[in-house]
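S.K.: According to my numbering, the sequence shown is numbered sequentially starting from 2. Glycine is no exception: its CB is placed at the ideal position from the N, C-alpha and C atoms. One structure coming up, written as structure tokens, with questions to follow.
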Amino acid sequence: MNKDLINMSTDEPMIKKPFTVFSSEFQQRQREAAGIRYILCNEAKAAIKKIAIKALDLIKRDYLEPQGIK
């Protein structure tokens, strides 16, 4: 059992390499996620803007124009 632990400790370079690969993959996924969040935020902003414009048009049509306010 102790020999197995000693052999495992000599394999450190092999153990470290997958973590660096994982780290770069993780960073790539983080960048992709950031890009997706950016796109979704922009789409959400555009949707909110459209809703706000439509709401203002309805307010203008239904409440302001009948009262003679333009």
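Which of the three DSSP states is assigned to Ile40 in this structure?
M.R.: Three-state DSSP puts Ile40 in a helix.
S.K.: Please report how far the alpha carbon of Leu57 lies from the alpha carbon of Glu44, in whole angstroms.
M.R.: Each residue's Cα considered, the two are about 20 Å apart.
S.K.: To the nearest angstrom, report how far apart Arg62 and Gln29 are at their CA atoms.
M.R.: Between Arg62 and Gln29, the C-alpha separation is close to 50 Å.
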